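Encoded as structure tokens, the structure appears first; notes follow it.
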Amino acid sequence: MKYTALLLFITLIIILQLNSYLLLGVWTLLSIMLYFTKLKPVKDFIVTSLLFGIGFGLYLYISAHWIEQIDSKIGYVFYSRLSLALILIPLFAQSFLQKSSFILFWKKPLWNEKIVAPFIWFGPHLIRVRWFLLIALTINIVSFVPFIGMRGWDFVQGVLLLAAVFSLVNGVLEELIWRGAILSRFLEQFGEKWAVLLTSLGFGLQHYSLGFSWIVCAAFAAGGFFYGAITIKSKSILPAIIWHVTLNILMVFSGLILN
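At position 176 of the sequence shown the residue is numbered 833 (the numbering used here), and the sequence of numbers has no breaks.
See below:
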């Protein structure tokens, strides 16, 4: 069933971004058939996926038909990223009606928890969460310094406000969605490793709607794996938010996005 869930969730995200009503109808029919199985995790997964699909579809519609009309670049960036909150609304309704915690990881990180490096669950080294995050941030910063240097200080100064608005709103909301609400639901339904896999792939693929190629989306999915894994290990969403916001700032300063 886990592989079926993976296929369903991935295809839903792709179909919504391709605007294929026929495929969406087929997906809905298959989901309804699966819902009437006797397995509660399957039913919960179908409901979670459907509610995510409603929120994600609404986000895509608002972005394409309303936010595209905004002339101000800062305004466009702010509202396009703020509209991500639409994805959270149906998911919040689900947790409210089921009387479950909306986000299981809204708590202080276990900074001294030990994880395996470099791949969280497997690797040759055992390291504390705080040091893993610090090393990861250092690698990211060092990797982006040459690209930022090529842009020059004038460019960085010109996008400071843009970087702050984009990185904070986008980083926080994307983490609340993927490592917050959705990871919490999938963790309850499938366990931690499958929950991380599902949310990582979903996180990466949803970037297609922002104009990235599927190959770049796969790279984002790889990043999503580390965000999800460090959230599981630290029992908190905060390390992933710090990491995500920092990486977004570096990407803006390097001109890779919002140029």
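We put the CB at the ideal spot given by N, CA and C, even for glycine. Values in this document were obtained by computation on a predicted structure and should not be read as measured data.
What's the gap between the Cα of residue i and the Cα of residue j?
i: Ala875; j: Val826; result: 22 Å
i: Gly912; j: Ser752; result: 39 Å
i: Trp851; j: Pro775; result: 19 Å
i: Val877; j: Phe860; result: The residue you asked about is not Val; residue 877 is Phe in the sequence shown. Taking the straight line joining both Cα atoms gives about 7 Å.
i: Thr694; j: Lys700; result: 7 Å
i: Ala886; j: Trp778; result: 8 Å
i: Lys764; j: Leu669; result: 31 Å
i: Met807; j: Met908; result: 13 Å
i: Ile672; j: Leu680; result: 7 Å
i: Ser841; j: Lys730; result: 34 Å
i: Trp684; j: Leu691; result: 11 Å
i: Leu790; j: Val799; result: 14 Å
i: Asp811; j: Ile898; result: 28 Å
i: Gly815; j: Ala821; result: 12 Å
i: Val773; j: Ala879; result: 17 Å
i: Leu748; j: Val704; result: 9 Å
i: His782; j: Asn797; result: 20 Å
i: Gly828; j: Trp871; result: 20 Å
i: Gly689; j: Ala662; result: Looking at the sequence provided, one finds Ile at residue 689 rather than Gly. Roughly 13 Å between the two C-alpha positions.
i: Leu675; j: Ile784; result: 42 Å
i: Pro896; j: Val902; result: 10 Å
Measure the CB-CB distance between residue i and residue j and report whether it falls below 9 Å.
i: Ile746; j: Ser737; result: no
i: Phe713; j: Ala838; result: no
i: Val813; j: Phe702; result: no
i: Ser891; j: Trp768; result: yes
i: Leu741; j: Trp900; result: no
i: Phe843; j: Leu855; result: yes
i: Pro607; j: Val734; result: This structure cannot settle anything about residue 607, because the visible part of the chain is limited to 658 through 916.
i: Ala750; j: Leu708; result: yes
i: Phe762; j: Thr888; result: yes
i: Phe823; j: Ile914; result: yes
i: Leu739; j: Leu830; result: yes
i: Tyr865; j: Trp835; result: no
i: Leu665; j: Leu696; result: no
Count the other CB atoms within 10 Å of the CB of residue i; is the residue buried (16 or more) or exposed (fewer)?
i: Leu817; result: exposed
i: Tyr678; result: exposed
i: Asn905; result: buried
i: Ser757; result: exposed
i: Gln846; result: buried
i: Tyr716; result: buried
i: Gly848; result: exposed
i: Tyr660; result: exposed
i: Gly732; result: exposed
i: Ile928; result: An answer regarding residue 928 cannot be provided, because it is not within the stretch 658 to 916 covered by the chain.
i: Ile744; result: buried
i: Leu833; result: buried
i: Gly881; result: buried
i: Val802; result: exposed
i: Gly780; result: exposed
Just grab the DSSP bridge partners of residue i for me.
i: Val773; result: Ile777, Leu783
Runs of 4 residues minimum, wholly inside the segment 677-762: which ones carry the alpha helix (DSSP H) assignment? If only uninterrupted alpha helix (DSSP H) runs of at least 4 residues are considered, those enclosed by the segment 677-762 are 678-692, 697-722, 730-739, 742-755.
I'd like the ranges of any beta strand (DSSP E) spanning at least 3 consecutive residues and lying wholly in the segment 813-895. Taking only runs of at least 3 residues, no beta strand (DSSP E) segment lies wholly in the segment 813-895.
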